[in-house]
Structures are given as structure tokens and as C-alpha cells.
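Numbering (UniProt numbering), first residue to last: 1 to 311.
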């Protein structure tokens, strides 16, 4: 606190500092523990709180996998928003608590919205909500004033977002950031397709980006130029490619050549859930050029694996 020529600081760990800014404007000389200034410490201390609330310790995680339709998120929304009611399709709960961390991990500034959940997820093995409604955290169309801040991770591989553009006919974007030196810096802008481009096959568009940072990192997704719903977020550890529902890698991928351990049917889906290639494979196959490049979900009898195809 500041009083006339004095600055007094007291920290949660019990240490304190006292400076006479008239004689020591750069605050080099801490007078707090000198007996002759005890009277000033005692005088200024009574204006400071007797106890400190420091909040829970920061949670550091290895990976992230959250779906906002889950019962756990329903309970957490209610815990931090006492008037919260789970939205039905076409309704929302606006202006949610943005001061406290959900699960002591996530800072959210935006709204919670319900969307008709049929058809559902672009990835066959994932379901958001039920046949009636899927719950999403909604980013506003006002840039960085709306965001989803993730907990600090030991490192990060791929981030995958299940999103839906609030605009049916115009593309939008959201921004992925990381925390650097007391400020947020942009990693990349992520394009979000207009909703009518996938409405017939899925509720969401699946966007994935290779963060690939082998160091401690905090990520944030903030709004762009359209309202965007986020149904689910996954972040893998560094060195893991993404979604993998099997106990071991399903197949090997080298360029455009796929090799399988056992004979199987391979089905490739793009990030909008559209089947783009299917074939019975005995041992290996080369992917034709029409499949294109990018991120795909590869499904076999052994499970599902996300792959990145390039020339």
C-alpha cells in the first residue's frame, strides 16, 4: 500500500518490504525489518488484510480431453454458475463465470449453448450429448474478448477441436495462442467452415493442428469473426499424433503408403466425416492422388487412428 512518502508491501509467504520513496525513489533499501521503522510497519499493516487467499495451486497436465456435453461439465457449470440450467437445443446460458477456473484448470469467457445433435459427430466413435442436444462452449464474434484458456501442459503434440460455425453461409476463423513472457502470442489462425457445408453429415467440423512443442506450454483458443461453438477439445502429449482407439498403432504410414499388420478393411474419413476412400488391404496399399493431403481419420477393424497424409 502507499501512504504519503511510504510504500509498504506484504506477501503471502510472510515477507514484507517498506520503502521511503521520498529519499529512495528507486526502492533500493528495504526498511521493513529495521527496528527503528517498526512503528511505520505496524501503522501501515492495519490497512492490509489479516489473511490471504492464494487460490488452488496451478494444475499442470500431460494431456487434455474434454467434451462439454458430459455430466462432469454439467456439474462444474452449475458449481461456478449457481443459476445454470443445461440448455436445450436452440437455447443458451450466457455470460458464464469467467473469473474462476473450471476444474481448477480452464478459464472460459463466453456462453454455453445447446444444439440439435442429429446428425452427430464427424468421427463415428465420438458422440456429443445424445440424439436431442449437444452442449458446446461458445466463443463470441468479438476476438480476444472471448476465449478458452487451457491448463499448463508439460508439452504438447496435436490440438483437436470439434467446432461449429454459428454462420450457416460464411466461413470464419478462431485463433490458437500460447502464453509467452507474460503475454499471449499467436501460433496460428484456424479457419472454420460455414455450417451448411457439413450440416447434412455432422454437427461439427473437426480441426486439428500440430503444436509440437517439447516444453512446458499454456494454450488458449480465442474467438474470431464469427460465433463458434466448441463441443470438444483434445490435446495430445508431444510425440503422439492424435486420436488412437487401439492398444497399439493400427498401421504404418510412410508418405502415401499404408502398411497393416493384419488383413483389414481401411476406411478414410476427412475432418467433416465424409468417407473419401475405402479398400480391403492384405498388407499394404498406396493412397491415390484424389484422396488429397491433410488430416484424416483412418478406421479399421482394430480401431481408429488420426493420420496426416502428405506427398
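Using N, Cα and C, we set each Cβ at its ideal position, and we do this for glycine too.
Taken through DSSP and simplified to helix, strand or coil, residue 37 comes out as helix.
Taking the Cβ atoms as the reference, residue 110 lies roughly 22 Å from residue 156, outside the contact range of under 8 Å. Rounded to whole angstroms, the gap between the alpha carbons of residue 27 and residue 9 is 12 Å. Ranking 204, 219, 268 and 202 by CA distance to the CA of residue 210 puts 219 first. Using a Cβ distance threshold of 8 Å, residue 279 and residue 266 count as a contacting pair. By the CB criterion at 8 Å, residue 164 and residue 204 fall inside the cutoff. Remark: three or more beta-carbon pairs, one from each stretch, lie closer than 8 Å, so the region 59-77 and the region 220-236 are flagged as touching. The beta strand (DSSP E) runs lying completely inside the region 133-169 and spanning 3 residues or more are 134-139, 147-149 and 156-165, given in chain order.
Here residue 47 carries a coil assignment [DSSP, helix/strand/coil]. Within the same chain, Cβ atoms closer than 8 Å to the Cβ of residue 32 are found at 8, 16, 17, 18 and 41, the five residues on either side in sequence being excluded. The beta carbon of residue 76 sits closer than 7 Å to the beta carbons of 102 and 103 from its chain, once the five residues preceding and following it are set aside; these are given in chain order. Taking the C-beta atoms as reference points, residue 114 is found no nearer than 8 Å to residue 95. Residue 161 places its beta carbon less than 8 Å from that of residue 230. In the structure shown, residue 65 adopts extended strand secondary structure according to DSSP, grouped into three states. Of all alpha-carbon atoms in 222, 276, 97 and 128, the one lying nearest the alpha-carbon of residue 172 is that of 222. The continuous alpha helix (DSSP H) containing residue 71 extends over residues 71-80.
The alpha-carbon separation between residue 309 and residue 252 amounts to approximately 12 Å. The secondary-structure analysis by DSSP pairs residue 254 across a beta bridge with 257. Listed in chain order, the non-local C-beta contacts of residue 215 below 7 Å within the same chain comprise 155, local neighbours out to five positions each way being set aside. Annotation: residue 186 to residue 263 spans about 44 Å, alpha carbon to alpha carbon. In the three-state scheme derived from DSSP, where H, G and I count as helix and E and B as strand, residue 28 is classed as coil.
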